[in-house]
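Following: one structure in structure tokens, then a few remarks.
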Amino acid sequence: MASCDPKFDLEQVFSKGIAMAINGEAAKGDAQIKASNDNKHGDFQCNAALAIARAVGANPRDIAEKILAATPLSALGTGEIAGPGFINIRLSNSALQTMLDRVSMDDLGIEPAPRDHAIVIDLCGVNVAKQMHVGHLRSTILGDVVARLHERLGRKVLRENHLGDWGLPIAMTMSALKRQKRDLKSLTLADLNHAYRVAQLEAATDTAGLEAARAHHAGPHRIIELQTQQDSALAAEQDAKATLLRLQSGDAATVAAWQQLINVTMMEVLETARVLGVRLTNEHSRGESFYRDQLGSTVQAFIDKGLAQEDQGAMVVRFADRERPLLIRKADGGFLYSTTDLAAVHHRVGALHAGEILYVVDARQRDHFRDVFDAIHLIGWDKLANGTQAKLSHLAFGSVLGTDKKPLKTRSGELFTLKALLDEAIARGTDQVKLRANQTDSPTEGTSDQEIAAIGRAVGIAAVKYADLSGDPIKDYVFDLDRMIAFEGDTGPYIQYAHARIASLLTKGAATESSISNAAWKFDHAAERALVLAILSFPATIKMAADLGSPQRVCGALHELANSYATFYQACPVLKAPDDATRLARLRLSLLTKRVLAQGLDLLGMDSPDRM
RNA sequence: GCGGCUGUAGCUCAAUUGGAUAGAGCACAAGCCUACGAAGCUUGGGGUUGCAGGUUCGAGUCCUGCCAGCCGCGCCA
-15 MASCDPKFDL EQVFSKGIAM AINGEAAKGD AQIKASNDNK HGDFQCNAAL
35 AIARAVGANP RDIAEKILAA TPLSALGTGE IAGPGFINIR LSNSALQTML
85 DRVSMDDLGI EPAPRDHAIV IDLCGVNVAK QMHVGHLRST ILGDVVARLH
135 ERLGRKVLRE NHLGDWGLPI AMTMSALKRQ KRDLKSLTLA DLNHAYRVAQ
185 LEAATDTAGL EAARAHHAGP HRIIELQTQQ DSALAAEQDA KATLLRLQSG
235 DAATVAAWQQ LINVTMMEVL ETARVLGVRL TNEHSRGESF YRDQLGSTVQ
285 AFIDKGLAQE DQGAMVVRFA DRERPLLIRK ADGGFLYSTT DLAAVHHRVG
335 ALHAGEILYV VDARQRDHFR DVFDAIHLIG WDKLANGTQA KLSHLAFGSV
385 LGTDKKPLKT RSGELFTLKA LLDEAIARGT DQVKLRANQT DSPTEGTSDQ
435 EIAAIGRAVG IAAVKYADLS GDPIKDYVFD LDRMIAFEGD TGPYIQYAHA
485 RIASLLTKGA ATESSISNAA WKFDHAAERA LVLAILSFPA TIKMAADLGS
535 PQRVCGALHE LANSYATFYQ ACPVLKAPDD ATRLARLRLS LLTKRVLAQG
585 LDLLGMDSPD RM
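Take -15 as the starting number for the first sequence in our numbering and just add one per residue.
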């Protein structure tokens, strides 16, 4: 089947040409085909001659001549040597037409590339009894988009929400709730979050403060106050530890209460996922507690293979190239989150047969994952049954900062929960839709309230998600509500708007579907040609975005496409085109653009309404 | 102290992994709705890519050294 990727086709023919024209090692490199950033330099360019010339000590323009002469380019277009040795390529209309035929098929030219093994995507990562804040947005939607990309490419994806549902913090929350005599049946996540914070504060022993007070001979009141505080903190800690022990030993009442906390938390998490349009349900949730019975054997396995040693009572794994060890068991015999992570990899590779595990987690845990991955390599738990090695990677993203450029900690984060952000985005989106629907002659005039609400939601959510997905994940960003809920310029709604305009155009076009889809391609105008190239670059972008875990490339390609369409729309009348053939050809280009936009928006987890 | 990330237009960010004159959006200035949705389009000003060296025909991108900010570093998750 023909390709619809000009870059791929050019790589093929130029590789042949280079192999013919150049002898030896110098011809081994890739053909270095790039899209030209200025159409004065053609549509694409081949930059291989420059590198080869250096390797063989020849004049780059001479090398370019030889390559061009040996390259069977004529089916694709024409080449011309320029500058120090670039080969500028202009694609022929017939080649572009062939590619457009391919890309307008059902799969939009995105060919599945299935693999033997599934990819596990570890995303969301919420903790029981903790409110979701804007920081959770990144893990959840980044993970969801990367999952969608892989799914679209025919790969089996296992989403795993590694829920923090085990350990002392949960026990602290439970014991705090019990002391407050709260009825667990009527609790909301906000209540749990409050209890969680109270528990944290209670347990904060101010030992340093007490010592300082003594050293500075503070008044007896101050010392007694601090002493009392410390005593009650110790009592709270004792109580929490006792609760944890009851939980771990399976005490029925404690386990029931614990399950109730999980239920309350998950209800809100799943509701948020639903509002966000993220594919995350209860079946994707596998909390830390799932691995609790495997922690002992995990540590034992490392000991048995001589990979773990005792150090100051704790059990650690050491690495050849660094000082920092990985603690896998505490001196008191308790386990750590690293132990859980090791057990989780064991399960994911061993039982789920994952060929790849991608952790969509905060960049601050880089060292942690490096240690865990290396420990896994040491013990060989990344080996699949057929002997291949699973790939472990960490898609690290930066922190959300407050306006003071400091990480949005719980205290200030409290002001803006994820739910509040989404509510605000939806409210503003709905306002905008209403504003237009109230204007006479607006395409949305007279739209029902119910539909306006649905569109407003789609627009608001797209704005929030696009703002987060369109940048490099590794970078921190300052939380700015107005930036996250913008509807103009390089935003989600801009893409949706291009889509809606086309939908409206097609409705008014009144041409039958078959007359459009059978129309001959035609793209003489520069704006039409630019649009065609933007469409054709899309399938390759999807593959690359999936490989690199880079949703921002999808955003970039979509913005480029929507922008190309807006320019085309301005410059090229569609319904009032000079002749029938042009009108149908432009309708066909519009229809194809609409389909690609909708596909792209779907991969980003955004709706594409026909009216907005 | 060791390690990591970041530094690009007034602000927020890109830059197809080393290619030609570093691009968008916001903001600012000037135009465009009796041709299909102005959430749009066109045009303009705005840059020593933190600094200094180096490699290369070619560096925002690679190497070295500085500077600044943030993050991590054995019994929290």
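Where is the CB? At the ideal position from N, CA and C, for every residue including glycine.
Assign Gln115 to one of two classes, buried (16 or more other C-beta atoms within 10 Å of its C-beta) or exposed (fewer than that).
buried
Can you list, in chain order, the residues of its chain with a C-beta nearer than 6 Å to that of Glu144? Leave out the 5 residues immediately preceding and following it.
Val104, Asp106, Arg270
Please report the straight-line C-alpha distance between Gly371 and Trp365, rounded to a whole angstrom.
Going from the Cα of Gly371 to the Cα of Trp365 covers about 11 Å.
If you measure between the beta carbons of Val141 and Pro535, is that distance less than 8 Å?
no
Pick out whichever of Arg313, Gln16, Lys390, His134 has its Cα sitting closest to the Cα of His101.
His134
Rounded to whole angstroms, how far is the Cβ of Pro44 from the Cβ of Gly13, which I believe are closer than 8 Å?
That pair is no contact at about 14 Å.
Cutoff 6 Å; reference Ala257; Cβ partners in own chain excluding five residues on either side
Closer than 6 Å at the Cβ level, and outside the excluded window around Ala257, lie Leu264.
Looking only at its chain, what residues have a beta carbon closer than 7 Å to the beta carbon of Gly297, apart from the 5 residues adjacent to it on each side?
Ala315
In chain order, what residues of the same chain lie with their CB nearer than 6 Å to the CB of Leu(-6), ignoring the 5 residues before and after it?
Excluding sequence neighbours, Leu(-6) sits near Ile17, Phe28.
Cβ-Cβ distance between Gly41 and Val345 below 8 Å:
no
Considering Cα atoms alone, identify which of Arg537, Leu588, Ser521, Arg308 is closest to Thr577.
Ser521
6 Å CB neighbourhood of Ala48 in its chain, flanking five on each side removed:
Same-chain partners within the cutoff: Ala33, Ile65, Gly69, Ile71.
To the nearest angstrom, report how far apart Thr323 and Val283 are at their CA atoms.
Those two C-alpha atoms are separated by around 7 Å.
I need the DSSP call for Asp106, collapsed to helix, strand or coil.
strand
Quick one: is Arg132 buried, meaning 16 or more other Cβ sit within 10 Å of its Cβ, or exposed?
buried
Continuous beta strand (DSSP E) stretch holding Gly63: start and end
61 to 66
Rounded to whole angstroms, what is the Cα-Cα separation between Ala503 and Gly540?
29 Å
Beta-carbon gap between Lys(-9) and Ala338 smaller than 8 Å
no
In the DSSP assignment, what are the bridge partners of Thr401?
Note: Thr401 sits in a beta bridge opposite His117.
Out of Trp505, His509, Leu559, Gln81, which has the shortest C-alpha to C-alpha gap to Gly61?
Gln81
Taking the beta carbon of Gly473 as the centre, do at least 16 other beta carbons fall within 10 Å, making it buried, or is it exposed?
Burial call: exposed.
Any idea if Gly533 is buried or exposed, counting beta-carbon neighbours within 10 angstroms, 16 or more meaning buried?
When all chains shown are included, Gly533 counts as buried.
Suppose the cutoff is 8 Å on Cβ atoms and the five residues either side in sequence are ignored; what does the same chain contact list for Lys389 look like?
Here the set comprises Val462.
Inside the stretch 338 to 417 only - beta strand (DSSP E) runs reaching at least 3 residues
Entirely contained in the stretch 338 to 417, the beta strand (DSSP E) runs reaching 3 residues are, in chain order, 338 to 346, 375 to 381.
Hey, would you say Asp452 sits closer than 8 Å to Gly382, going by beta carbons?
no
So, is Ala236 buried or exposed, given that buried needs 16 or more other C-beta atoms within 10 angstroms?
Of the residues assessed, Ala236 falls on the exposed side of the cut-off, its CB having fewer than 16 other CB atoms within 10 angstroms.
Reduced DSSP category for Ser534 - H, G, I as helix; E, B as strand; rest coil:
coil
Where do the ends of the beta strand (DSSP E) carrying Met89 lie?
Where Met89 is concerned, there is no enclosing beta strand (DSSP E), given that its DSSP letter is neither H nor E.
By Cβ distance, which residues of its chain are closer than 6 Å to Gln244, with the 5 residues on each side in sequence left out?
Leu168
For Gly589 and Val262, believed in contact at Cβ under 8 Å, the rounded distance
6 Å
Is it right to say Gly413 is buried, meaning 16 or more other beta carbons lie within 10 angstroms of its own, or is it exposed?
Label assigned to Gly413: buried.
Could you please give me the residues that DSSP links to Phe303 through a beta bridge?
Among the bridge pairs identified by DSSP, Phe303 is matched with Arg306.
Residue range of the unbroken beta strand (DSSP E) whose run includes Arg74
70 to 75
Only counting the same chain, and skipping five residues up and downstream in sequence, which positions put a Cβ closer than 6 Å to that of Ile360?
Result list for Ile360: Val329, Asp366, in chain order.
Under three-state DSSP, which class holds Asp456?
coil
With 16 as the cutoff for other CB atoms within 10 Å, does Arg122 come out buried or exposed?
buried
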